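Chains as they are written, first to last, in the numbering used here: chain A, 5 to 381; chain B, 5 to 381; chain C, 5 to 381; chain D, 5 to 381.
Every residue, glycine too, gets a C-beta built ideally from N, C-alpha and C.
These figures come from a predicted structure and were not determined experimentally.
4 protein chains.
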Amino acid sequence: MIGGGQGAFIGGIHRIAAALDGMYELTAGAFSSDAEKSRATGVLLGLAPDRVYSSFQELIAQEKARPAAERVQVIAIVTPNYLHFEPAKLALENGFHVILDKPMTFSLAEAKQLEQVAAASGRLLCLTHTYTGYPMVKEARQLVAAATLGTVRKVYVEYPQGWLSNFEEGSDNKQAAWRTDPARSGVAGAMGDIGTHAFNLLEYVTGLQVVKLCADINTVVGGRRLDDDGAVLLKLSNGSSAVLMASQIAAGEENNVKIRVYGEKGGLEWQQVDANTLRVNWLDKPSEIRRAGTGYVSSFARHNTRTPAGHPEGYLEAFANLYRNFALCVQAQEAGTLPPPEALDYPGVAEGVRGMAFIENVIASGKSTEKWTDFSV
Amino acid sequence: MIGGGQGAFIGGIHRIAAALDGMYELTAGAFSSDAEKSRATGVLLGLAPDRVYSSFQELIAQEKARPAAERVQVIAIVTPNYLHFEPAKLALENGFHVILDKPMTFSLAEAKQLEQVAAASGRLLCLTHTYTGYPMVKEARQLVAAATLGTVRKVYVEYPQGWLSNFEEGSDNKQAAWRTDPARSGVAGAMGDIGTHAFNLLEYVTGLQVVKLCADINTVVGGRRLDDDGAVLLKLSNGSSAVLMASQIAAGEENNVKIRVYGEKGGLEWQQVDANTLRVNWLDKPSEIRRAGTGYVSSFARHNTRTPAGHPEGYLEAFANLYRNFALCVQAQEAGTLPPPEALDYPGVAEGVRGMAFIENVIASGKSTEKWTDFSV
Amino acid sequence: MIGGGQGAFIGGIHRIAAALDGMYELTAGAFSSDAEKSRATGVLLGLAPDRVYSSFQELIAQEKARPAAERVQVIAIVTPNYLHFEPAKLALENGFHVILDKPMTFSLAEAKQLEQVAAASGRLLCLTHTYTGYPMVKEARQLVAAATLGTVRKVYVEYPQGWLSNFEEGSDNKQAAWRTDPARSGVAGAMGDIGTHAFNLLEYVTGLQVVKLCADINTVVGGRRLDDDGAVLLKLSNGSSAVLMASQIAAGEENNVKIRVYGEKGGLEWQQVDANTLRVNWLDKPSEIRRAGTGYVSSFARHNTRTPAGHPEGYLEAFANLYRNFALCVQAQEAGTLPPPEALDYPGVAEGVRGMAFIENVIASGKSTEKWTDFSV
Amino acid sequence: MIGGGQGAFIGGIHRIAAALDGMYELTAGAFSSDAEKSRATGVLLGLAPDRVYSSFQELIAQEKARPAAERVQVIAIVTPNYLHFEPAKLALENGFHVILDKPMTFSLAEAKQLEQVAAASGRLLCLTHTYTGYPMVKEARQLVAAATLGTVRKVYVEYPQGWLSNFEEGSDNKQAAWRTDPARSGVAGAMGDIGTHAFNLLEYVTGLQVVKLCADINTVVGGRRLDDDGAVLLKLSNGSSAVLMASQIAAGEENNVKIRVYGEKGGLEWQQVDANTLRVNWLDKPSEIRRAGTGYVSSFARHNTRTPAGHPEGYLEAFANLYRNFALCVQAQEAGTLPPPEALDYPGVAEGVRGMAFIENVIASGKSTEKWTDFSV
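Next up, the structure:
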C-alpha cells in the first residue's frame, strides 16, 4: 500500500475492503513520505519492519528485488490526486498490478499517459469507483442493458454532501485541506471528488457516454480555492439528456448518491441510503422493489453479495466487491484462465480516462459563456 | 364556474376544494361552450337551470344583472390556458372575484395586462398553484424566512411525471390533447404545465427570485408539438444557484413534486408523496421530522390543517386551503376588515405574472446558444 | 346531525366528509343538549334557525313532521358512545337512515338490540370505521379475497397513539375526558376507541373472523379509569393466528394504524402514514408497490379515489368514501335499484355488533387468568 | 474455528467478521466431523495442513500442546445448537477464549453449567447476538439508560422472516434441516433461532428483564417438527409490558428485526432494514433522526462505526463489532488492563443463559393453558 498513514481516511477503508474476503494480505507499505510516520503505521498494522518503506520508489524497487513468491502482487495507491500518476506508472512498469483511488490522476494528460503505460505493461489496474460495486447498481446496469426499460430517455444523477459547508480547510481538517487545494487536488474540487463518482455511475448504469455538457460551477464558501458545488446539463450518446448535481455545501446531506434512469417503458431508482434496494417503476403496472440477496436478481448482483436478503450490506462491502473482483481477475491472469464476466465488471483505466476528461470538460464548461461544450477526451 | 364540464379533470377538483370547508356554494356555471353539454353538467351538479349558461359572457352578464345578494361572488375559471385571459378580465371588470387555474394566461403579455385589470378592478384573484397550499410547504417557507437555515445557498426543485411517455395526444386523451397543442397551451408544454409549479414552489419557499436561467428543453416523444421534458440551471436574487427539473416522460413517475433548500446551517426537504412531513437536516445535530397537525408547527402550517397529526391530508386539502384562504380574504374585503396573515398567503396575480415570465424565458433559453438568459418580465 | 357542537372533533370531520363529494347537504342539527350551544353551532354553519334543535328527540320528531321532500333523509350521530343507541334507534324507527360514529353502542346488548331495530326498520346504517374507506385497504381486501396470497396464515394489526401519555383528562381536554370516563365511553378506553378500528380492519381485510383471544390490557397512566394500552393474541376462523396491538401511551406516535397479512405465497402491508401505497411481498419475486389512482388497481380501489396517482388522498377522503358509498346505497334503495358492489362495501350493523363483542370479550379476557377466551357475540 | 465447513452459512459470516478489522487471523480449524471435508475447507482457506483437525477434541488438544505463542487464542464455535456445549466447555477448560454462535446451548441446563465452567475458567466468552452490534442499537440503549425517554412503558419487538413458508426441510436445504430438527436445534424452532434475537434485543435496549410471559406458539407448515411462528405477551421487571413477535412463515419478509420502545416522554424505533438510523419521536416536538457516523452520537455508537455518516454499514459490520470488542477485551485481559466500556458492551454468558431460559419458558407457556408463566431461570 502506498499512502494511508495515520489521519488518512481512505487508506483504512481500502484495508478493510482488502481484508473482508480473505483474498489479500497486507505485507508491505509506504504509508507516508515521512519515514517515521510510515514506520509507526507499519507497527500498528503488524507489518514486518523490513517491508515498511519511506517512499513509493523504495517500496517498488525493494519489493521487485524480492523473490517472486515473496513480493507483493498488487499495490494499492491511496494518496491524494497529485500523487497518483507517478507511483501507478512505476508500479505498472515494474510488473505490479495496481489498485488506485479515484480520480485516476491529477490531469487528463496524465490519465492518457497512464492508459498507455498500463496497456504496455500487461498489468491490471482497478480504479475504486466504489458505487459501481453495489449489487443493486449492477442489477440496474443489467436491467438497462437488457432493454427492460426500453431506450433510455432521461437520467438524473446526484451526489449531495454537506461537510464542506464551512471553511473546513481553515481548521485542522486534513481531508478538507488537500481536497480544496489546487496543487494537490487538480483543477476541480467537488467535481473531482464526487462529481466524477456521479459521472461514472451515470455512464456505468446506462452504458451510454456523455457527448456534450453545460455546467454551472460554483465556489460558495468564501476563501475556498476550488469549486464546492455544481450542476450540469448533459447530452448522451443516444441523443437523450441528463442532469448531474454534485455539491459539498448541501448542508445536512451525508453521502446520498442517487441515480434515476427513465426509459420508454419505465424507470429505475437507486440511492446509497437504501443501497440494497432497486426500485423499478412502470408505466402501467405496480412498481417493483428488487432486493439484494434474493434469488431473482441477476448473476451480477448475486455475485456481489455475501448474505441472504435482509441482512444489509453497505459501503465497505461495495468497496470489497471491487477488491474481490480485481483479485479474481489477477488470479485468472496469473493462471492463464478467463475470469467470470461478473468479476471483469470492475472500473479500470478506461473509466479513469473518462473521469479525468469529465473533470477538465466540466470545469471548462463552467467558465465558458457558450451553452454547450463538446465532451472531448 | 367557467369550464369544468364532463371529461374535464381539474374542474372536479376545484368543486371538491370549494365544497370541502363549506365556504362556497356552487350556484352558477358555464361549463362548456357547447350549450347542451353545459346544461347536462348543470343537471348533474343539481344547479338551477336558469343559472347554467352556455358562454362565460352570458354567465357574467346575467349574474351581474341579478340582485347583489343573489349573484355569484367568486368565479372559478378552469378552462385550458388559451381561455383564461378573456373570462378573467371580464369577470374582474364586472366586479367578480376570480379563482383562476394556472398558468395565469396564454402569454406573458396577457398576464401583464390582466395584472393591470385586476389592480384597477379592486377585486381579488387567486391562482391555483396547489402545492403552496400544503401545510408543510408553508412551514418550509416560514423556516427559511426566519433564517433558521441561514442564507440560502442551493435549491433543487423537481416535478417528474411519466404520463406523456407515449403519444397520448394521438389517442382519445382530452387532457393530453390540449396540453400538447400550441394553440391551446401556449409556447410551452411540460414547462407550462408543471415547470411553472416547480418554479412557483421555488420562489415561494425561498422568498427569492430567479434572475438568470439556462435551459435544456426537449421534445422526446415523436410527433409531439411542445416540450415534454426540461432541466434548468438558475441563478437566484441573493446570488445563489438552483436546479429545476420537470418532465412528463419520466416513465413510472406519478406527481412527486419535491423541493430541497440548503442554507448555511442546514437543509430542508419536502415532497408531495410524503406531504405531511418536512425533513430538516442540520450540519451538526440530528435531523428533524416536522409533521403537519402537531402542536409545534408555525401558525401558517396550523392554519392549513383540519385533522390531528397522523391523519394524512393530501392534494384536495391543499387545494381547499387555497379556496378557504381566498374566501377569508374575500369576506374580509367585503367586511372592510383585515384577514389574518395566514389567509393572505395564497398565490395571486404577482405569482401569475412571474409564472408566465418563466414560461417565456425558459423556452427562449432552451432555443438560445447563449449560456445564460436574463429573467425578464 | 346529532352532536358535533363546538369543541367536538369528530363532528367537523363528518361535515367535511359529507360535503366533499356534494352528495349531502347539512340542513338540520341537534348539535348539543345545551340549546344555546346547539343554536350557536347552527348559526356558525348557516342553518335555518328552525332546523336547529336542542335534543335528538326534537330533531327526529320535527323533521318527521315535515313533508317528505323537505325533511332530512340521513341522520349522522357523532356523540360520545353512551349517546349512540337511543338516537340511532329512534332515527331508524322513524324512517331515517343513520350514519353512526364507532363504536356502535355503549354495550354489546345495545348493539344486538340496535341490529334488530335496524333490520325491522328497513333503513340503512353506516358505521364510520374510516380506515376501511381507504382505496388501498380495499385493494388489500380484494387481493386476499382472490387468494392471491394463498391461505392466510398470520396477521399483525396495530394502532399506536401517544396522545394519552399524560393524564390529559385532568386538564381541559374534552376529547380525553369522555374517552376515559366509563360512564360515557363504556367498559373500554383504548380498546374501544382504537382497538375496535384495528379489529375491524383485520376482519375486513382478511375476510376472517376472530374466534378466540388472549388479552393483556393495561392502564398505564396513574389515575386513569379505563385501559390506555393493550395487546391481544388472536385465533382466526380459518385456524390461523394474529396479533393486535393498540395503545394510547405509545409516546410520540400519531395514528399510524397498520396491517400486515401473510399468506402461503406472500404478504401485504398497509399503513396509514403512507395510505396510498399497498406493498405486496412475494416469496420468490420482487415486491410490488401498488398505488392508489393507477390504472391497474381493482374496481373497489378505483371507485374510492378522486385524483390521478401521485396526488395523495388521505383521511378525509377515506371518510368521505364511507359517506359517498352510503349515499349511493340510500339513493339506490329509494330508487328501488341495486347499488354497485363497490358502494355496498361500507361498514354497517354487522361490523358494529362484532366491534362491540370485541370490546366486551377483550376486556373480559384481560381480566381472566385463563389463557384463551372464546369470542362470543 | 469449530464448524463452518462448506455448505454452512454462519461460518463464512464469522470469518468475514473476524477478518474485517484485521484483529484476528484464522490459523486452525475443525470445520467438519468428516475429516476429508474439514481438510478440504482448510485448503480453501489457505490453512497449514497440520492445523486442520477432524474433531474439536483434536483441535483443542493439539493447539494446547503448541507453545503459547503459536497456538490459537480464541476459538469460534459455529456449529448447530446441539454441538455448542461440549466444544465450548472443553475450550474454556483448556484455557481458550470462546466465540459462540447463538443460542448458547441445546438446553437451559447446559447453559447454566457452561456459565459455571466459564466463571471457573477465567476465560471470556462472546455470544454472537449480532443485532446488538449495530451502532444505532447501542445508541438506543444509551438513550434509554440515560432516561431520555423517561420510564419505559411499552416495548414492541419483532423478527419476521418468510424463508420457511414452504417445507424446506423436505428438500436439500441444509440450513432448514437442522433448524427444524429437535435433535439438533432443541425444543424450539423459530423461537430459538430468531425469537432469542428479539428477546435479547429487548433486554439489551431497555436494560429491563422479562418476568412473565404468555405465548402463542404455532407450527404452521405441515410436517414440520418445531414451531415456525409465535407471538408473546411479556411483563417486564419495571412493571411495564411488551409484545414479541417472531415468525419464519411471514411470507415475503426478509430479516427486518425491529424494536420500538415507548417511555413517558417519547419513543424510539430501530429496524435492521434502515440500520444506520435511529428514530426518536417526542410527545411535543419534532421527531429526531439520529444517524450512525455523525458527530453527535454517543461514544458507544461512535466506537462501533468505521465510516463517515452516509456510507451505510450493515450486518457484517455489526458482526465484526462483536469480534472487535471481544478482541479488545481479550487483549486487555492478557495485558492486565481494563478495556474501554464501549468494548465491554458485547453479549456473553449472562445473555446466553437468559436466552436459553427464554426458549424453555416460551415453549412451556405455549403449551400451557395458564395465561401467565413466570420467567424462571
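CB of residue i within 7 Å of CB of residue j, strictly
i, j, result
"leucine 212 of chain A", "asparagine 242 of chain A", "yes"
"alanine 12 of chain A", "tyrosine 327 of chain A", "no"
"arginine 188 of chain A", "aspartate 197 of chain A", "no"
"threonine 309 of chain D", "alanine 296 of chain D", "yes"
"histidine 88 of chain D", "tyrosine 135 of chain D", "no"
"glycine 9 of chain C", "phenylalanine 35 of chain C", "yes"
"alanine 250 of chain C", "glycine 199 of chain C", "yes"
"glutamate 67 of chain C", "valine 78 of chain C", "no"
"glutamate 402 of chain D", "valine 284 of chain D", "The displayed coordinates of chain D run from 5 to 381. Any statement about residue 402 of chain D would go beyond what the structure contains."
"histidine 18 of chain A", "valine 102 of chain A", "no"
Chain A within 7 Å of residue i, Cβ atoms only
i, result
"valine 224 of chain B", "yes"
"leucine 24 of chain D", "yes"
"aspartate 220 of chain B", "yes"
Test: residue i CB closer than 7 Å to a CB of chain C
i, result
"methionine 140 of chain D", "no"
"alanine 279 of chain B", "yes"
"histidine 315 of chain B", "yes"
"arginine 310 of chain A", "no"
"isoleucine 293 of chain A", "yes"
Assumed close pair residue i, residue j - CB separation to whole angstroms, cut-off 8 Å
i, j, result
"alanine 219 of chain D", "serine 369 of chain D", "4 Å"
"arginine 55 of chain D", "tyrosine 160 of chain D", "The Cβ separation is near 47 Å, so there is no contact."
"tryptophan 274 of chain C", "glycine 256 of chain D", "Contact doesn't hold; Cβ gap of about 14 Å is too wide."
"valine 225 of chain C", "aspartate 231 of chain C", "Not really, about 10 Å apart at Cβ, beyond 8 Å."
"arginine 70 of chain D", "leucine 96 of chain D", "In fact, because the Cβ distance is near 18 Å, the residues do not count as touching under 8 Å."
"leucine 238 of chain B", "leucine 248 of chain B", "6 Å"
Cβ-heavy atom distance, residue i to the ligand HEM, below 6 Å
i, result
"methionine 5 of chain D", "In the structure on display, the ligand HEM does not appear, and there are no ligands present to speak of."
Residues near residue i by beta carbon distance below 8 Å, same chain, minus five either side
i, result
"leucine 94 of chain B", "Phe60, Gln61, Ile64"
"glutamate 2 of chain B", "A question about residue 2 of chain B goes unanswered here, because the residues of chain B that appear run from 5 up to 381."
"serine 244 of chain A", "Thr155, Val156, Arg157, Lys158, Val159, Leu212"
"serine 380 of chain D", "Ala361, Asn365"
Within-7 Å CB hit, residue i to chain D
i, result
"arginine 264 of chain B", "no"
"alanine 194 of chain A", "no"
"proline 290 of chain B", "yes"
"arginine 306 of chain B", "no"
"tyrosine 300 of chain B", "yes"
"isoleucine 79 of chain B", "no"
Close beta carbons around residue i, own chain, < 7 Å, minus the five adjacent residues each side
i, result
"glutamate 355 of chain C", "Leu131, His133, Asn204"
"alanine 254 of chain B", "Pro164, Gln165, Gly166"
"asparagine 259 of chain D", "Gln165, Gln276"
Any C-beta of chain B under 7 Å from that of residue i
i, result
"proline 71 of chain D", "no"
"tyrosine 319 of chain C", "yes"
"asparagine 365 of chain A", "no"
"arginine 157 of chain A", "yes"
"leucine 2 of chain A", "Nothing can be reported for residue 2 of chain A: it is not among the residues displayed for chain A, which extend from 5 to 381."
Proximal residues to residue i (C-beta, below 6 Å), its chain only, five neighbours per side dropped
i, result
"phenylalanine 100 of chain D", "Ile79"
"isoleucine 221 of chain C", "Asp231, Gly234, Gly370"
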